[in-house]
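Heads up: the structure comes next, in structure tokens.
Protein chains: 4
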Amino acid sequence: MSFTDSAATRGSDDNRTEPVEAGGVLIGGREFVVIAGPCAIESEAQLLNTARAVADHGASLLRGGLFKLRTDPRSFQGLGLVGIDIAKAVRAATGLGLCAEITDPRHIEPLSDVVDIFQVGARNMHNYALLKELGQQSRPVLLKRGLSALIDEWLLAAEYLKSGGNSRIILCERGIRTFERRTRNTLDLSAVAYVKRHTSFPVLVDPSHGTGVPELMAPLCRAAAAVGADGLLIEVHIDPETARSDGEQALSAAGFAQAMAELRPILFALGRPLSGPPANRRSR
Amino acid sequence: MSFTDSAATRGSDDNRTEPVEAGGVLIGGREFVVIAGPCAIESEAQLLNTARAVADHGASLLRGGLFKLRTDPRSFQGLGLVGIDIAKAVRAATGLGLCAEITDPRHIEPLSDVVDIFQVGARNMHNYALLKELGQQSRPVLLKRGLSALIDEWLLAAEYLKSGGNSRIILCERGIRTFERRTRNTLDLSAVAYVKRHTSFPVLVDPSHGTGVPELMAPLCRAAAAVGADGLLIEVHIDPETARSDGEQALSAAGFAQAMAELRPILFALGRPLSGPPANRRSR
Amino acid sequence: MSFTDSAATRGSDDNRTEPVEAGGVLIGGREFVVIAGPCAIESEAQLLNTARAVADHGASLLRGGLFKLRTDPRSFQGLGLVGIDIAKAVRAATGLGLCAEITDPRHIEPLSDVVDIFQVGARNMHNYALLKELGQQSRPVLLKRGLSALIDEWLLAAEYLKSGGNSRIILCERGIRTFERRTRNTLDLSAVAYVKRHTSFPVLVDPSHGTGVPELMAPLCRAAAAVGADGLLIEVHIDPETARSDGEQALSAAGFAQAMAELRPILFALGRPLSGPPANRRSR
Amino acid sequence: MSFTDSAATRGSDDNRTEPVEAGGVLIGGREFVVIAGPCAIESEAQLLNTARAVADHGASLLRGGLFKLRTDPRSFQGLGLVGIDIAKAVRAATGLGLCAEITDPRHIEPLSDVVDIFQVGARNMHNYALLKELGQQSRPVLLKRGLSALIDEWLLAAEYLKSGGNSRIILCERGIRTFERRTRNTLDLSAVAYVKRHTSFPVLVDPSHGTGVPELMAPLCRAAAAVGADGLLIEVHIDPETARSDGEQALSAAGFAQAMAELRPILFALGRPLSGPPANRRSR
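The listed protein sequences correspond, in order, to chains A, B, C and D.
Last residue of the first sequence: number 264 in our numbering, and the count goes up by one each step with no gaps.
Last residue of the second sequence: number 264 in our numbering, and the count goes up by one each step with no gaps.
Last residue of the third sequence: number 264 in our numbering, and the count goes up by one each step with no gaps.
Last residue of the fourth sequence: number 264 in our numbering, and the count goes up by one each step with no gaps.
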């Protein structure tokens, strides 16, 4: 059986995507892109060690929040602007671009130095004041689907960005809220197939929030690739048990390595190599 | 890259399944099983032509309903017992086993001659009177997840079958009801990963009801295989536009062929050959 | 302020209802009807004492299941046909008609002697084999809305009964399944207002399953009356802590009395007297 | 039957509420408060005429948005700061306090002159950056429940306000997102009963967004009062057919008058007079 004709495999649903360049990586092109890292930046050691671990196993961009949207005001809210220096240092040391959540239009300017992709979280998908402002700057925006957003509403939220002039938009499916309780959310991979077919946006899948269950991550990473996603956004923590937020859903470095190992044959079958970290890309 | 060690790929989530034999096919073993055919049996020509088309492209069992659960009492309700002779003739001509829905405990006996797998539809998952009776006979039962059934309720419905003495149970995820409107239901592939990991039942995925959208079928067949499902249940109609029920979600023969073509590289990557029709199996 | 002109109050939504007579009580007429009793019939003493308690406080019909649809096969499934003699004795002693769930078409005949209203539970709303058979007999049928049934599907289920020839149909809203976890289901009182306006069926509300929380029962009984329901279906157990099913959501006799006391001023405002037990009706 | 002992009626669920004063009106006290007006302020004539109409029929505060959160960026987004002068003029002419939505922390200061209650819409319930800022100013905040927010998340959002120092919080149930399609959302009156019993916040109900269907408004206003809500938030437009946003769900002046007429007997039964406009209050 030949895998060379990737068009045969991907032809039915993935021929219109317009790739977005971010942090030296092309998202939505032939290569499959994995963004991985901690929910929140906690310290330089935590971020640097996690960054190195995820790069070793195939991630090409780093995730890590400075500002966290937490349901409970007494929960850890992120390091805030204090974390910028840590992020800068780790970015310089590893060469990995940073994807970080933005929660307030007034943070766009201070974060622009250090953030390669502004992430709009599910809880802010309907925060149109924020979207309008992000539409007026030029960094790529990763737009997560809202907790209970219709696909149509998600695409209209992307219009808020586009109508401001920014068309560097990456969509991210992260699970919707349903009655099911064994998983934190219900990951909607049909929505990924739908937006791949009906729009030209690159689409990532976040199985960490999508399921909230580390043991389900590897099969859902495989499924996300197979359904046609352009990449993954995964929470990895060097020591999940001490994580200050979302530790229960983060993969350990070993868990991430296992998920990536199981993902590679699927990507090979799809004719989509894993993008990998910048250093690897240079040497290829 | 080597694909020979399928355990590396499937090891994280699929090592406990106890296969179920049905219609000469092993469901839940190494081979991936596709059950395909029309929503409802309409005529001998329709069933025979569809059966041949799906067998040509990799199906190893035939689906086709004699009794349909239709929301509207004025809709076509299936041929009923009249369809038994048609089913017998097509089964004999093609050698394909039949998976057909059962909606009334009083039909178990007349259908036992011709049905290889009794399908309990989503709307009857909570029909415990029916489940109890199916638990007391020996044919395999394909148990679909209810429209809004918790995974735990689905597994307890399986207990109704088991506690009667029948452990030839195949689970089938077919989408849950959510707010999203672009798809008929929301196919919950996380639930497949969950039950693969926590039970020993074979698990199929029905992307036809799961999405209701033919154009999304190929990517979701690929994703279902990648997430660890043991097979698929797909609606195929030789002429979807004339179908008397669910025609809008059925694949044409060509659409089915395309979905199977896109599925094969994924199955190869997973180390799971497509089971194929009985004739092919004999010659292998 | 005058309350005599009930048309002013109810005029906007309640002028088409065709009442259904059941167990000597008119449901859907000017009087508001409360059906109360245990989830399951456990013993003659339990049923008789509960029946007397609910009649004392305003119920005009008794509920009590012989066959229970339980999610778990190891749960108490009801006394079955053994309970018929108990039901007959209590019906004779109190003069209260009985509303009991039917879960199998083969039980219609043995239950016809003792059941005044056949209740189709939420899990069987889509059990069209059962509905067809109930359509061919003449007892009133209380049709609960399915766990995740669209209003339109609920009304089409009623069509299954009507198309068989039985138009003695009473609808019952009992909560739909949503993501919320503080209540067992989400009671959809908008659906009650909708079906009152768009159909001629009497409509009851079941706040016991609708919320699953005894402390919320009194306010929701008031709201159900205010929104235009024709009555209530309430689980009351003489000793909820010893109940063999659903005890956690049953009201005690004192809780029921309190809910009825809070309901009466609302009913007075609406110009709808509480129907009350047969004895009271005779003496009125 | 005596209605004087309102404690008998309300005693089971409403004895802890701490009222919040806003625009000269006490919300959460014995009087029932109706806030009514257009979705968006469109012109001085539109706002003034609507304000007079709603005051005539029992509203005691005016609603009207300057900034609208619209799903589609091409929809009318509100007059913005330009509308402030209109709002001031109408407030002066009618004596009605204004409840207006706030969508951006940077608008708090310019709106503080003219807004008596800052409304946080459902789509911003999770916008913690906005909530934190609103917690640091002293105007009352009406906090709507998010589209798919758990009751617990709604109460934690209120904690964001409280932890900043502002305890003038009014909750507002406005329907949650479910599968049902006959209504825009599913109004969750059980949630109202729950928060009345478990918190000390005043709670309003918004049947306009809760159902999206004008013909269901009157019954749901009655039900909201009966379940224990402290008031209503209703969209009224002097000419719904020309409304620039949400016109399909707004009541006309006549529809509002009818809903209020049907509400009054229920309020009388509950022992809760309608608060009414400031002029009426002075003369009482």
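Note that beta-carbon positions come from the ideal geometry of N, C-alpha and C, so glycine has one too.
Taking C-alpha atoms, which residue in the options lies nearest to residue i?
i, options, result
"residue 136 of chain C", "C/112, C/156, C/120", "C/112"
"residue 69 of chain B", "B/25, B/110, B/56", "B/25"
"residue 222 of chain A", "A/3, A/64, A/23, A/16", "A/23"
"residue 93 of chain C", "C/67, C/99, C/74, C/6", "C/67"
"residue 110 of chain C", "B/91, B/133, B/84, B/89", "B/84"
"residue 98 of chain D", "D/133, D/149, D/227, D/218", "D/149"
"residue 114 of chain C", "C/103, C/125, C/139", "C/139"
"residue 63 of chain D", "D/81, D/53, D/10, D/218", "D/81"
"residue 39 of chain C", "C/174, C/11, C/183, C/102", "C/11"
"residue 74 of chain C", "C/34, C/9, C/168", "C/34"
"residue 125 of chain A", "A/163, A/190, A/53", "A/190"
"residue 201 of chain B", "B/237, B/174, B/226", "B/237"
Since residue i and residue j are thought to touch, with beta carbons under 8 Å apart, how far apart are those beta carbons, to the nearest angstrom?
i, j, result
"residue 151 of chain A", "residue 130 of chain A", "The Cβ separation is near 14 Å, so there is no contact."
"residue 166 of chain B", "residue 170 of chain A", "7 Å"
"residue 206 of chain B", "residue 156 of chain B", "Between residue 156 of chain B and residue 206 of chain B the Cβ distance is about 20 Å, and since that is not below 8 Å, they are no contact."
"residue 185 of chain C", "residue 212 of chain C", "6 Å"
"residue 235 of chain A", "residue 194 of chain A", "6 Å"
"residue 276 of chain C", "residue 78 of chain B", "Because chain C in this structure spans residues -19 to 264, residue 276 of chain C falls outside the shown range and cannot be described."
"residue 192 of chain C", "residue 229 of chain C", "5 Å"
"residue 146 of chain C", "residue 121 of chain C", "7 Å"
Express the C-alpha separation of residue j and residue i in angstroms, rounding to a whole number.
i, j, result
"residue 37 of chain B", "residue 243 of chain B", "11 Å"
"residue 20 of chain A", "residue 30 of chain A", "11 Å"
"residue 51 of chain D", "residue 239 of chain A", "37 Å"
"residue 61 of chain B", "residue 105 of chain B", "22 Å"
"residue 16 of chain D", "residue 116 of chain A", "36 Å"
"residue 44 of chain B", "residue 161 of chain A", "33 Å"
"residue 176 of chain B", "residue 249 of chain A", "23 Å"
"residue 95 of chain B", "residue 65 of chain B", "12 Å"
"residue 119 of chain A", "residue 181 of chain D", "42 Å"
"residue 214 of chain A", "residue 216 of chain D", "46 Å"
"residue 253 of chain A", "residue 41 of chain A", "15 Å"
"residue 56 of chain D", "residue 108 of chain D", "25 Å"
"residue 27 of chain D", "residue 87 of chain D", "21 Å"
"residue 3 of chain D", "residue 76 of chain D", "7 Å"
"residue 178 of chain B", "residue -4 of chain B", "9 Å"
"residue 187 of chain D", "residue 203 of chain D", "10 Å"
"residue -1 of chain A", "residue 209 of chain B", "31 Å"
"residue 7 of chain D", "residue 143 of chain A", "41 Å"
"residue 220 of chain C", "residue 91 of chain B", "44 Å"
"residue 13 of chain A", "residue 72 of chain D", "59 Å"
"residue 132 of chain C", "residue 133 of chain A", "25 Å"
"residue 197 of chain B", "residue 251 of chain A", "20 Å"
"residue 153 of chain D", "residue 32 of chain C", "38 Å"
"residue 224 of chain B", "residue 46 of chain B", "12 Å"
"residue 241 of chain C", "residue 49 of chain A", "45 Å"
"residue 58 of chain A", "residue 100 of chain D", "24 Å"
"residue 9 of chain A", "residue 183 of chain A", "11 Å"
"residue 164 of chain C", "residue 258 of chain C", "33 Å"
(request) Please name the residues in the stretch 50 to 62 of chain A whose beta-carbon is closer than 8 Å to at least one beta-carbon of chain C, in chain order. (result) none
Contact residues within the stretch 22 to 48 of chain D, judged by C-beta distance below 7 Å to chain A:
none
Q: Note down, in chain order, all residues in the stretch 128 to 158 of chain B with a beta-carbon under 9 Å from any beta-carbon belonging to chain D.
A: Those would be 128, 157, 158, in chain order.
Can you pull out the residues from the stretch 81 to 108 of chain C whose beta carbon lies closer than 9 Å to at least one beta carbon of chain B? Those residues of the stretch 81 to 108 of chain C that come within reach of chain B (Cβ to Cβ, closer than 9 Å) are 83, 84, 85, 86, 87, 101, 102, 103, 104, 105, 106, 107, 108.
Notebook entry, point to check: Going along the chain, which residues of the stretch 189 to 216 of chain C sit with their C-beta nearer than 8 Å to a C-beta in chain D?
Noted result: Within the stretch 189 to 216 of chain C, the qualifying residues are 190, 191, 193, 195, 196, 198, 199, 200, 202, 203, 204, 205, 206, 207, 208.
Next item on the list: Quick one: which residues of the stretch 158 to 171 of chain D get their C-beta closer than 8 Å to a C-beta of chain C? List them in chain order.
Entry: 158, 159, 160, 161, 162, 163, 166, 167, 168, 169, 170, 171
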